[in-house]
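> Residues in the sequence shown are numbered consecutively from 71, following this note's numbering. Ideal Cβ placement from N, Cα and C applies to all residues, glycine included. Values in this document were obtained by computation on a predicted structure and should not be read as measured data.
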Amino acid sequence: MKHAIHAIRTFLSDIRYMAQHSKLNRIIDFIEKELPIIYSEMVKGQQRIEELESRIRELESERND
Numbered sequence: 071m072k073h074a075i076h077a078i079r080t081f082l083s084d085i086r087y088m089a090q091h092s093k094l095n096r097i098i099d100f101i102e103k104e105l106p107i108i109y110s111e112m113v114k115g116q117q118r119i120e121e122l123e124s125r126i127r128e129l130e131s132e133r134n135d
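Okay, structure coming up:
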């Protein structure tokens with residue numbers, strides 16, 4: 071997921087270059103500032119998905135027994 075953050079930052083940098091002197095720069099600043107929080111939430115979400123998938127496999131296994 072760290073690659074995703076790098077890709078997002080690169081994308082935002084490209085947008086900033088194209089949108090020089092516009093209100094978009096303030097939006098981009100906000101997104102860049104929030105990236106660590108976004109990343110943290112993505113990791114938590116991925117962990118939760120893995121937990122749920124594991125639980126589903128357990129339940130399916132119990133059902134098949």
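1. Just to confirm before moving on: does the CB-CB distance between L82 and E102 stay below 7 Å?
2. The alpha helix (DSSP H) with K103 in it runs from where to where?
3. Work out the CA separation of R96 and H73 for me, nearest whole Å.
4. Distance, Cα to Cα, I85 vs D135?
5. Anyone know if the C-beta pair for Y109 and I78 falls short of 7 Å?
The answer reads as follows:
1. In the sequence shown, counting from the first residue as 1, residue 82 sits at position 12. In the sequence shown, counting from the first residue as 1, residue 102 sits at position 32. When the beta-carbon positions are compared, L82 and E102 come within less than 7 Å of each other.
2. Here residue 103 refers to the residue found at position 33 when the sequence shown is read from its first residue. Membership of K103 in the alpha helix (DSSP H) is indicated by the continuous run L94 to N134.
3. Walking along the sequence shown from the start, residue 73 turns up at place 3. Walking along the sequence shown from the start, residue 96 turns up at place 26. Just so you know, the alpha carbons of H73 and R96 end up roughly 24 Å apart.
4. Taking the first residue of the sequence shown as position 1, residue 85 is located at position 15. Taking the first residue of the sequence shown as position 1, residue 135 is located at position 65. Taking the straight line from one Cα to the other gives about 55 Å.
5. On the sequence shown, residue 109 is found 39 positions in, with the first residue counted as 1. On the sequence shown, residue 78 is found 8 positions in, with the first residue counted as 1. No; because the gap between Cβ atoms is not below 7 Å, this pair is not in contact.
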